[in-house]
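Undergrad: Just so you know, the sequence shown maps onto residues 1207 to 1581 in our numbering. Where is the CB? At the ideal position from N, CA and C, for every residue including glycine. Got a structure here, written out as structure tokens. Questions coming.
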Amino acid sequence: MAEHADVAIVGGGPVACALAAALADSPVSFVRFAPETSAADRPIALSHASRLLFERLGVWDDIRSTPIRTIHVSQRGGFGRTLMRASELGVPALGYVAPYSAVLATLAAAAPAQRASLLDWSVDAGRVTLRVRGADGERSLSARLLVLADGGSGAGAPAEHWKDYGQQALVADVSTERRHANTAWERFTSEGPIALLPFGDRLALIWTARPGTVARLLGLPDGPFLKELREAFGGRLGAFGAVTARSAFPIALRYRDPGVAPRAIVVGNAAQTLHPVAGQGLNLGLRDAWELAEQLRATRAEDVGSAQFVASYARRRDVDRRAGIVVTDSLARFFSDSSPFLAGARGAGLAALDLLPPARRFLARRMMYGTRALP
1207 MAEHADVAIV GGGPVACALA AALADSPVSF VRFAPETSAA DRPIALSHAS
1257 RLLFERLGVW DDIRSTPIRT IHVSQRGGFG RTLMRASELG VPALGYVAPY
1307 SAVLATLAAA APAQRASLLD WSVDAGRVTL RVRGADGERS LSARLLVLAD
1357 GGSGAGAPAE HWKDYGQQAL VADVSTERRH ANTAWERFTS EGPIALLPFG
1407 DRLALIWTAR PGTVARLLGL PDGPFLKELR EAFGGRLGAF GAVTARSAFP
1457 IALRYRDPGV APRAIVVGNA AQTLHPVAGQ GLNLGLRDAW ELAEQLRATR
1507 AEDVGSAQFV ASYARRRDVD RRAGIVVTDS LARFFSDSSP FLAGARGAGL
1557 AALDLLPPAR RFLARRMMYG TRALP
């Protein structure tokens, strides 16, 4: 492992890998390290902007994905629905669904890591000193800038803002009587959204509900589970024919300022973990990585990690990050309230979106690109 680098990247997930891949042909010296882990074989949603980013990194053609050409949004027990179509925005797809393990493996191949865990770090004399442990024991290295990426934010992570939604997400793959036709479905219920995303010839299910409901759904045999899913989702896809192994995870909002300490920046899930509604979390993290790589490429080596550098990055990412946090948090709260008044307001809002193409296109572009025209 190098004794010194301009940038030390901590993280084994897609955001850390994307940052390293974006710096691979630059004059910026870097080292990425992460512990040995196994990637979960679950589907993830990638925006059109993330596809553009992967194309720029030269990895998109190696990622097997299913395009989302239409998004259908509705609410259970209320009127109103809206459709977003890729053809309205002049793009081949609004987004894509791909296996997490395949995305991670492709990005990791473009940015190999040293297998080591971060033990602690400190700042002195204009550098950050890291102590890591690998297969050959402990050692130290220094860098101008430390980047804590993905969920592996490492030792010494600062306090964060946190909100528990009182929900869990149940995930599985399901088959349906009718073909999905590359349509993604977002069905809001009083306990949270049900998302069905096209994934090969099946659909990836993300069913958000209260913990007690999720625990009960996990314990049901396949037949009764699929019956409850049909009752909650409706009959647009006909009968649900099969389901893979189910699992669940808790949902919370966590975020912190990107410039966490002198010469230290957080990106991806280390900076913000969002509610899964609208599938914005990973895509926001990939934009974090891209903008940081752009800034590093445009900065003199001696200025990397300076107070001005860290503050500039935080300013550049502020609007996009805040928008992602506010939008997903607002959607989660607004669409999970069972008040009859709010049900009517939701229905009116969905109907208005369907009748106002400019508003619908504006929302779709924000979901694809964040607050920037391109990543």
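(1) In or out: Gly-1418 buried (at least 16 other Cβ within 10 Å) or exposed?
(2) Buried or exposed, going by whether 16 or more other CB atoms sit within 10 Å of the CB of Thr-1382?
(3) Tell me where the beta strand (DSSP E) around Thr-1395 begins and ends.
(4) Just confirm the distance between the C-beta atoms of Arg-1282 and Arg-1393, as a whole number of angstroms; I'd bet it's less than 8 Å.
(5) Under 7 Å, do Gly-1474 and Gly-1491 count as touching if we go by C-beta distance?
(6) In this structure, does DSSP put Thr-1382 in helix, strand or coil?
(7) What does a CB cutoff of less than 7 Å around Trp-1266 pick up in its chain, not counting 5 residues either side in sequence?
(8) Between Gly-1429 and Ser-1453, what straight-line distance do the alpha-carbon atoms span, to the nearest angstrom?
(9) First and last residue of the beta strand (DSSP E) that includes Gln-1281?
(10) Any contact of the stretch 1337 to 1345 with the stretch 1311 to 1323, i.e. 3+ C-beta pairs under 8 Å?
(11) Could you tell me which of Ser-1328, Val-1525, Ala-1246 sits nearest to Leu-1351, measuring between CA atoms?
(12) Give the list of continuous alpha helix (DSSP H) stretches no shorter than 4 residues that lie fully inside the stretch 1421 to 1488.
(13) Can you tell me whether Gly-1264 is helix, strand or coil according to DSSP?
(14) Could you tell me which residues DSSP puts in a beta bridge with Met-1290?
(15) Just reading off the alpha helix (DSSP H) that Asp-1356 is part of, what are its end residues?
TA: On the basis of the data shown:
(1) exposed
(2) Residue environment: Thr-1382 is assigned as buried (16 or more neighbouring CB atoms within 10 Å of its CB, all protein chains considered).
(3) 1389 to 1395
(4) Yes, they are in contact, since the Cβ atoms of Arg-1282 and Arg-1393 sit about 6 Å apart, within 8 Å.
(5) yes
(6) strand
(7) Closer than 7 Å at Cβ, skipping near neighbours: Arg-1257, Phe-1260.
(8) 17 Å
(9) 1276 to 1281
(10) yes
(11) Ser-1328
(12) 1428 to 1439
(13) coil
(14) In DSSP, Met-1290 forms a bridge with Ile-1277.
(15) Looking at the DSSP string, Asp-1356 is not in any alpha helix (DSSP H), and its letter there is neither H nor E.
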